[in-house]
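Novice: Protein chains in written order, with our numbering: chain A, 3 to 514; chain B, 3 to 293; chain C, 18 to 348; chain D, 18 to 348. Ideal placement from N, C-alpha and C gives every residue a C-beta, glycine not left out.
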Amino acid sequence: MGTPQAPPFVVVRNVTKSFGGAQALKGVSLDIVPGEVHGLVGANGAGKSTLIRILAGLVYPDGGTVAIDGKSTVIDTPHHATELGMNFIHQELAFVPGMTVLQNIMLGIPKRTRFGLVDWKAMAREVAPIAERVGITAPLGASVKGLSTAENWLINICRALVRKARLIVMDEPTASLSASESEKLFAIVRDLSASGVAVLYVSHRLDEILDLCHRVTVFRDGESVKELAGETLTRPALVEAIVGGHPPSGAPVRHAGSNGKVVLSVDGIARPPRVRGVSFDLHEGEVLGLGGLVGAGRTELVRLIYGADRADGGRITLDGKPFAPRSPRAAVRAGFGLVPEERRTEGLVLPKSIAFNVGLANLDKLVVSPLLRLISPRARANLALEAIRALAIKAQGIETPVGRLSGGNQQKVVIGRWLQRAPRVLILDEPTRGVDVGARAEIHRLIRDLAATGQAILVVSSEPDELPDVCDRVLVMAEGRIVKELSGPAVTRGAIVAASYAEGPNPPEERP
Amino acid sequence: EDKPLVGLVSISATEANNARYIEGAKKAGEELGYEISVIDAAGSADQANAAIQNFAQLGAFAIVDMVFPWSSIGAGLDAAKAAGIPVVTWGGGLGGSVAATNGSGGPMVVPVNELMLKNMDGKGAILELTYRTGEVCRNREVELDKALEAYPDIEVTKNEVRIPGYFEDGAQYANAWLASHPAGEGNLAIWGCWDDPSIGAIGSLRSQGRDDVLVYGVNGNAQALENIKNGHMTATAWQDSFTEGYNMVKMLKEIRDAGDSWEPKAVEVPAVLVTQDTVEAFLSEHPDAIN
Amino acid sequence: MSDITIGSRHLSPGAKAALGVFARYGTIIGLLAMILAFSLLSPRAFPTVSNFTNVLNQASLAMIIAGGLTLAVTVGELDLSIGFAASLHGILVTGLIVHDKLPIPLAIVIVVALGAVIGLINGFIVTKMRVNSVIATLGVGTIITGCAFAYSAGVPIVSGVPEAFLQLSLGRWLFGIPNNIVIMALVLGGLWVLVERTDIGQQIQAVGGNAAAARLAGINVDRIKTLGFVISGMCAALTGILLASRLGSGTTSAADSYLLTAFAAVFLGSATLRDGEFHILGTLVGALIIAFGFNGLNIFGAPTFSQYIFQGAILIVAVGLSSLGRVLAES
Amino acid sequence: MSDITIGSRHLSPGAKAALGVFARYGTIIGLLAMILAFSLLSPRAFPTVSNFTNVLNQASLAMIIAGGLTLAVTVGELDLSIGFAASLHGILVTGLIVHDKLPIPLAIVIVVALGAVIGLINGFIVTKMRVNSVIATLGVGTIITGCAFAYSAGVPIVSGVPEAFLQLSLGRWLFGIPNNIVIMALVLGGLWVLVERTDIGQQIQAVGGNAAAARLAGINVDRIKTLGFVISGMCAALTGILLASRLGSGTTSAADSYLLTAFAAVFLGSATLRDGEFHILGTLVGALIIAFGFNGLNIFGAPTFSQYIFQGAILIVAVGLSSLGRVLAES
Ligand SMILES: Nc1ncnc2c1ncn2[C@@H]1O[C@H](COP(=O)(O)OP(=O)(O)OP(=O)(O)O)[C@@H](O)[C@H]1O
Ligand SMILES: Nc1ncnc2c1ncn2[C@@H]1O[C@H](COP(=O)(O)OP(=O)(O)OP(=O)(O)O)[C@@H](O)[C@H]1O
Ligand SMILES: [Mg+2]
Ligand SMILES: [Mg+2]
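Below, the structure written as C-alpha cells:
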C-alpha cells in the first residue's frame, strides 16, 4: 500500500496542552492526507485522545497550530469540527440511553418533513443499509438501553458514517468489539479509504495497525516521536517506538492448569435469554477464560455469579459450600472480586481520586480498628501507591481524580482495587480493554502471578489473542450456552474463533 | 348526609387564629345542625379559588373565605354567585359579591399603636415587621404610618417578612436591627403586623439578652399572650376569632333567607388590648385564649 | 445442597407481563383507581361532567407551568424561579393594563416576552457562568421577588381590572369549555409536538439524556438548555397572567406555591410510560392526579389533617405502583 | 461557532493558576469579600463580635438541617421532607414535655429517634419501592404535615413550656458562646468526620458519585442511601427541637421555610473547594454566605425589595466566581 499523494487535509504542528500541572501534549505534529488510514499509537496516557479532543473542538491547545485544508483554524465546538468535515468515534462511548438506535445514529442530523417535523421514515431508509453494513442487528426502533457495549459502539460508528465526513477519527474502535465485528469494521475502513476519506485510527492492537494503516504516528509522553510507513512499518519498530527501547517481555509461560481443588462450581445457572444454563468448575490457581462473540452472554454470566443480577435458576458452590449470591456485597464478602466491563459507568467514581477508588473494596483494611472506623491515611496511601506501582499507573499522584486519567490508566485503577484484597475468585471482564502493549503484558503477568498464589481467576475477553496468552483453559460461549471447552495447548486463537461461530448443528456441550 | 354544608376555606388551617375561628364556626355549626367542612388552601389563592369552586359544586349552604382578600378570589366568587351561594369573608374585606365580613383586622391595631407611641415618648426607633401581601397586615401598616406622621423624631425601619418563614425572618431582621441599635440608645420598639414575626424577634432579643426593647404584636394568639405573661412582649390586641367564627356561622341563615335583598355588611367583634398589666385579668376572663 | 438454588423468583411470564403493564401504566392506573374510588365515595357530587370540567379548569394553570417546567427538567436542569416569576408576571400584567392602560393583548405579549427574557437569563447563568441550576434559578427567583416588590411595593393591584381581562380565564369557549382548558390544551399540545416530533425536540431529549453525547454529536447544548429555560419562563408567564385574570388582581407571591405543585406533577409524570424520563404526557397525568386528589378529598369532606395524609399517600402510591411493577418485571 | 466560547487559549499558566484559586475558593472569597464590604458600609454595627455571634447563633439551626441534607444529597437523593418534619418535631417535643410531662432529655431522644424513623421511611420508599426521591419525600412531607396537624389541631403548644427547655437554645456555654453554636459545631463536626474520615463516609461518597460502581465494589447501596435519609431526618429533628426551644412553643409550619434555606446552603456549598460535589464544609460556607448576606443587607438598611435583589445576586455571584474560575482554568 503506497501513501496516497494529495495535499494534506489536516496538519497539526507542535501542539501542546497541559491540564493543571499535567503536560498531556508537549508538542505533537502530524498530517493526514485524504484517502489514507493514518495510525496513531502510543502507551496509555501518551496523549492520543487529547489530540483527538483538540481536533474535535472539545479542548483547546495551549500552543501550536491546527490547519484544515491549509488554513490555520481554531476549532471551537464539536459542531464546528463537524462542519469542517471531521467526525469522531471517541474513546468514551457517547450515546443517549433513553433513545432508540435510530435516534442515536441521527443525533444532531435529523431530516425533516415538509411540516418541519422529524421524518423518521426517510431517516430509517437512509440509515438501514449503513447499519447493516456495520453489523447492527438490533432493530432501529429498539431502545439502546438493553444493548451491549459493542452494539453501542457500532451505533457510534454508524453515526460517523452517516455523516459522510472527509475525516473519520476512531479512538480505539475495536477495544469493545470481537473478531467478527472488527473484521466488518476493517472492511469499512478500507472502503472509506478507497473512496478518498481519511481515517485517523487509534488502537493498542498492533496487528490491526499493521494490517490497516498506510502510515503510523507514534506518540510517547506527549510527543510525536516517530512516523512509520512502508518498509519501516513493522511490529518491532512500532513496539520499540511506543515503549522507547524497552520492549515488553514475551507471553508468560502457560501453567499446567486445572489440577488444584475446585474453588467455584457453577451448575445450570440460567437467566434467559442471555444465559441459558451454564455449568463449569474453576480450580485453585487456575485461569479460566470465557470466549465467544459479543452478546454471547459472558458478561451476564459473570454478573449472575457475582450477584449483580439475579439468576432464574441454578446452583453455585464456593469451596464446596453452597453459595447463593444475593448482592455483589455478599459476593465480595464470600471472596469474589469483579473488574467490570464498563470502567467508567460500573467501575469508577470518576470525580474521586485514585486512592478513593482503590480503597473502595478495601475499606475494612483501611480502618484503624474494627471498632473505631476511621480511615487511616497512611494505610490508604500505601494501598494506592502499591496499586500505582504494581500496575505502572501514569498519574500525578494518589489524589488525582480518576476522571482525569487516560482510558487505559483508568482501567488499571479498577484492577488495582482488587490486588491487595486477593479475592478467592477474581473475575475480570475485558481486563485489558484500552490498555497499551506494555501494560497489557504487565496485566497478563499479574494475572498469572495471582493465579500462582492460588487464586482462581475467570477472564472474559473478546480479544482473540488475549485468552491464549493468559488462560489455562477456555470455555467458549454462544447464545447463552457453553459450546466448547479448550484446554492446554488447544487454547489457540483459531480454535476460539472457530468455536465461537460453530453454532446450530452442534448440541451445546455442558460438561464441567 | 343532608345537613346543610358550610365550607370554610382557610389560608392556613394550621395557624392558631384560623384554627380558633374554625372552632367557633364548628361550635355554631353543631348548634345549628350544619356540617362544617374545612379546606386548607395552604397560602395559595389559587387553591382557595379552587376550593370555593368545589364547595359551589357541592351545593354548599354558604362558604366562608378566611383571610384571602375578596380581590383575590374572583373566580371563586364567580362560581358561588352563579350557584346562588353566599360567600362571607373573615379578614378578607367586603367587596365583589361578598355578603358579610368580620375580623377586619386593620382597625384593631389602633390601641396597640397608641400604647406604643405613648411609650416611645416621641423619640427613638421602631422596627416594623410588615407583610404587605396580606390585606389585613397592609391596613395595619397604613394605620401605623398615619399615626407616626405626628412623630418625626421616631426613626422607622420596615422589613417585609415571608410566609412561611415569619419566625425566622422576624428573628433575623431583629438581629440586624439590634446590631445598629445598641442598648441605651433611646427608646426602642419592635412592632409586628401580627404576633408571629414579633415572637420571632423575641427569640432574637432573648438570645442576645436584650431587655431594653418593647415588643408589640396584634391578634393576641396564645403564644403572644404567654409572652406578655412572661414579660417578653409588651402588648397585643386580642382578636376573638372564636366568637367571630361563631357569630358568622350564626348569621348565615339570615343571609340566605334574605336572598337578593341582603345588604352586605361588616359584623365586627371588637378586639381587646392586652398588656402586661391587664394580662392576668384578661386570662381569667378568657382562659381558653391561651389554650 | 441440591435444594439451595440461587433462583429466588418464580414469576411466570404471564405475571411478568402483567407487572410490565403496571410499570408502564402504573400512574394512569392509579389515577383511574382514585377517580373510581372518589366516584363511589361521593357518587352525587364527584363524578359529574361539571365537576370534572371544574377540576380541569382549576388544574389548567398548574398544568401550563408544569408543562414548561417539563422542558427545563428534560434538558437536565431544575427551574426554581417559575413560581416567583409567575407571581411577578401576574402583578406586571395587571399593572400594565390598569396603570399604564395598555391594551390587554399588548400587555400579555410584553409579559410573555419578559418570561422568555427571564428564561434567557437563567440559561445564560447556567450555561455560560456554569452556575448550578438550583442556585441560579433560586437566585433569579429571589431577584424576581425583589422586582415584584419594587414594582408594586408589595401591594396587590386590585381596582380597575377590566372585565375583559377577567374574561380571559373566566370565559368559556365553544361547547362551554372554559378558556383555561382550551389554552392549556393548546400549550401542552404544542409542547408535545415540539418535544416528540421535531428536530429541536430530538435535541432537547438528547441533551437531557446525555449532554456529553449530545455535544459530541454536534448539538449546541448550551443553546438547547437555554431554550428549555426560555420555554419554562414563557409558560410561567402565561400561568401568571391567567392567575391574575382568575384572581382578578395582581398579587405578590400569589403564584409562589405553583413551584411545588409543578415539581410534584413533573416528577409524578416521569414515572408514567417511560422509566424516569420527563415528558409532557406524563406531566399531564401527574397534574391530573394532584388535581383530582385535591378535589376528591375536598368533596368527600375528609378532615384537614387526613387530607394531607391522603395527598401524600397518593403521590407515593401512584409512583410506587409503576416503580414496583418495573422492579418486579425486570428483576 | 457564533456562540461565545470561553476560550482560555491566551491565558498564561500564571493566570490559570490564579483562576484555579478562584475555582477552589471562589465561594469563600465571595464570603470574605461580602463581609469586608459590609464592614466598610456599616463599620459600627456590622463587624462586631456580638453581631457575628448573633448571626452565627441565628444561622445555627439552618446549618444543622442543611448539614443533614448534605448527607442526603451526597448519596444522590433529594430530601424535601425536612422542613415539614422539623415543624412536626417542634410540636411533638413541646407536646411531650408539656402535655405528657416527659423529662426534657427523654422527649428529645424520642423526637430525634422519630426523625430517624422518618428517614428510614423515606429510605424505604426510595430504595425498596424505587420511588423517585422528589416524590417520595414530598409525599412523606405532606403526610407529616397532616400528622402535625392531627397532633396539635393547629393550635400551638405554648403554655407550660419549662424554662429549662428554653435554655436549651437560649443558654450560653463557656466563654458565653451560645448553645446553638456549640450544638451546631458538634453536629457539623461529627458529620464532617463521618463523611470525610470513616469507612461509612467513603461509602456515602461512593454511592453518591456512582451508585452502580459502588454496588459492584461490594457496597450495600440501599443501606447507605437509607443512612443518608436517616441522618437528614435526625438533623431535621434537632433543628425542630431547637426552634421550638427558641420560640418557646411548638407551632405547625414554623420550620417549613428551612427547606429552601437548606437547599440554597447545600448547593451554594457544592461549589466550594470541590467541583459540584456536596460536602459539609461547603454547606457551612453556603449557610454563612446566606446568613451574613441577609444580616449585612439589613444592617446596611437596604429597602426590602433591594434586599431580595442583592440576596439573589449574592447566590449567583458566589457560585459564579468559582464556576467561571474553574471553566477558565481548566479549558
Ligand atoms: N481533563 C484532564 N485533566 C487532567 N489531566 C488530563 C485530562 N485529560 C487527560 N489528562 C492527562 O493527559 C494525559 C494524556 O491523556 P490521553 O487521554 O490523551 O491519553 P491516551 O494516549 O489517549 O491514552 P489511552 O491509550 O490510555 O487512552 C494523561 O496523563 C491524562 O492523565
Ligand atoms: N437486561 C439488560 N439490560 C441492560 N443491559 C444488559 C442486560 N443484560 C445484559 N446487558 C448488558 O449487555 C451486554 C452484553 O451482555 P452479554 O453478557 O450478553 O454479552 P457478552 O458476551 O459479555 O458480550 P459483550 O460484553 O462483549 O457485548 C453487557 O454489557 C451486559 O451488561
Ligand atoms: Mg485515549
Ligand atoms: Mg461482555
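Give me the pocket residues for ligand 4, defined as CB within less than 6 Å of any heavy atom, sorted by chain position.
Specialist: Any residue whose Cβ sits closer than 6 Å to a heavy atom of ligand 4 makes the list: 300/A, 301/A, 343/A, 431/A, 462/A.
Novice: Of the residues 128/C, 109/C, 203/C, 251/C, which one's Cα is nearest the Cα of residue 88/C?
Specialist: With distances taken between Cα atoms, residue 88/C lies closest to 251/C.
Novice: Going by Cα to Cα distance, which pick from 337/A, 193/A, 180/A is closest to residue 503/A?
Specialist: If we check each option's Cα against that of residue 503/A, 180/A comes out closest.
Novice: Where do the N-terminal and C-terminal ends of the alpha helix (DSSP H) with residue 498/A fall, by residue?
Specialist: From DSSP, the alpha helix (DSSP H) with residue 498/A extends over 495–503.
Novice: Which residues does DSSP pair with residue 172/A in a beta bridge?
Specialist: DSSP, once it has assigned bridges, lists 91/A, 203/A as partnering residue 172/A.
Novice: For ligand 3, is there a heavy atom less than 6 Å away from the beta-carbon of residue 413/A?
Specialist: The answer is no for residue 413/A.
Novice: With a CB to CB cut of under 6 Å and the five nearest residues on each side skipped, what residues in its chain are close to residue 208/C?
Specialist: 84, 297, listed in sequence order.
Novice: State the beta-bridge partners of residue 221/B as determined by DSSP.
Specialist: Answer is 240/B.
Novice: Just to check my reading of the structure: residue 64/B and residue 41/B have Cβ atoms closer than 8 Å, yes? What is that Cβ distance to the nearest angstrom?
Specialist: Not a contact, Cβ separation roughly 14 Å.
Novice: Classify residue 67/B as helix, strand or coil using the three-state DSSP reduction.
Specialist: Strand, per DSSP.
Novice: Does the distance from the C-beta atom of residue 104/D to that of residue 273/D stay below 7 Å?
Specialist: Yes, they are a contact pair.
Novice: Using a Cβ-Cβ cutoff of 7 Å, what residues of the region 13–40 of chain B are near chain C? List them in chain order.
Specialist: Taking 7 Å as the Cβ-Cβ cut-off against chain C, the residues of the region 13–40 of chain B that qualify are 15, 39, 40.
Novice: Going along the chain, which residues of the region 204–219 of chain C sit with their C-beta nearer than 8 Å to a C-beta in chain B?
Specialist: Under the 8 Å Cβ criterion, the region 204–219 of chain C contributes no residue.
Novice: How many angstroms separate the CA atom of residue 24/D from the CA atom of residue 345/D?
Specialist: With a pLDDT of 41 at residue 24/D, under the threshold of 50, the modelled position of this residue cannot be trusted, and the question is left open.
Novice: If we cut at 7 Å on Cβ distances, does residue 337/D have a partner in chain G?
Specialist: Considering every chain present, this structure includes no chain G. Its protein chains are A, B, C and D.
Novice: Show which residues of chain D have a CB atom less than 7 Å away from the CB atom of residue 146/C.
Specialist: By Cβ distance, chain D contributes 337, 340, 341.
Novice: Could you list which residues in chain A have their beta carbon closer than 9 Å to that of residue 232/D, in chain order?
Specialist: Within 9 Å Cβ-Cβ: 310, 329, 330, 331, 348.
Novice: In chain order, what residues of the region 238–251 of chain C put their CB closer than 8 Å to some CB of chain A?
Specialist: Answer set for the region 238–251 of chain C: empty.
Novice: When you compare only the Cα positions, how much space is there between residue 339/C and residue 42/C?
Specialist: If I take the Cα positions, the gap works out to 7 Å.
Novice: Note down, in chain order, all residues in the region 293–304 of chain D with a beta-carbon under 9 Å from any beta-carbon belonging to chain B.
Specialist: The residues in question: there are none.
Novice: Among the candidates 214/B, 194/B, 155/B, 205/B, whose CA atom is the shortest distance from the CA of residue 183/B?
Specialist: Residue 183/B has its Cα closest to that of 214/B, out of 214/B, 194/B, 155/B, 205/B.
Novice: Are there 16 or more other CB atoms within 10 angstroms of the CB of residue 117/A, so buried, or fewer, so exposed?
Specialist: Exposed: under 16 other Cβ atoms inside 10 Å.
Novice: How would you list, in chain order, the residues of chain A whose beta-carbon sits under 9 Å from the beta-carbon of residue 149/D?
Specialist: Chain A residues near residue 149/D: none, gap ~15 Å exceeds 9 Å.
Novice: Pair every Cβ in the region 58–72 of chain B with every Cβ in the region 6–16 of chain B, then say whether three or more of these pairs are closer than 8 Å.
Specialist: At 8 Å Cβ cutoff, the stretches touch.
Novice: Ignore the nearest five residues each way along the sequence and tell me which others in residue 376/A's own chain have a CB closer than 7 Å to its CB.
Specialist: The residues are 369, 370.
Novice: Any beta carbon of chain B sitting closer than 7 Å to that of residue 187/D?
Specialist: Closer than 7 Å to some Cβ of chain B, the Cβ of residue 187/D qualifies, so yes.
Novice: What separation, rounded to the nearest whole angstrom, lies between the Cα atoms of residue 512/A and residue 484/A?
Specialist: Confidence is the limiting factor: at residue 512/A the pLDDT is only 38, short of 50, which leaves the residue's position unreliable and the question unanswerable from this model.
Novice: For residue 456/A, does the three-state DSSP call read helix, strand or coil?
Specialist: Residue 456/A falls in the coil class under three-state DSSP.
Novice: Determine, using beta-carbon pairs with one atom in the region 229–244 of chain C and one in the region 50–68 of chain C, whether at least three such pairs fall under 8 Å.
Specialist: Contact between the region 229–244 of chain C and the region 50–68 of chain C is absent, because fewer than three Cβ pairs lie under 8 Å.
Novice: Is there a Cβ of chain C sitting closer than 7 Å to that of residue 96/A, yes or no?
Specialist: It does: the Cβ of residue 96/A has a partner Cβ on chain C nearer than 7 Å.
Novice: Taking 5 Å as the limit, name every residue whose beta carbon sits nearer than that to some heavy atom of ligand 1, in sequence order.
Specialist: Those residues are 21/A, 24/A, 26/A, 46/A, 47/A, 48/A, 49/A, 50/A, 51/A, 52/A, 406/A, 407/A, 408/A, 409/A, 410/A, given in chain order.
Novice: Quick one: what does DSSP say residue 242/D is sitting in, helix, strand or coil?
Specialist: If DSSP states are grouped into helix, strand and coil, residue 242/D belongs with the helices.
Novice: Out of curiosity, what's the CA-to-CA distance linking residue 245/B and residue 107/B?
Specialist: If you take the alpha carbons of residue 245/B and residue 107/B, they lie about 14 Å apart.
Novice: Give the range of the alpha helix (DSSP H) segment to which residue 181/A is assigned.
Specialist: Residue 181/A -> alpha helix (DSSP H) spans 181–196.
Novice: Which residue from 92/D, 202/D, 187/D, 77/D puts its Cα closest to that of residue 256/D?
Specialist: Cα-wise, what sits closest to residue 256/D is 77/D.
Novice: Quickly, what does DSSP pair residue 186/C with across the bridge? List them, please.
Specialist: According to DSSP, residue 186/C bridges with nothing at all.
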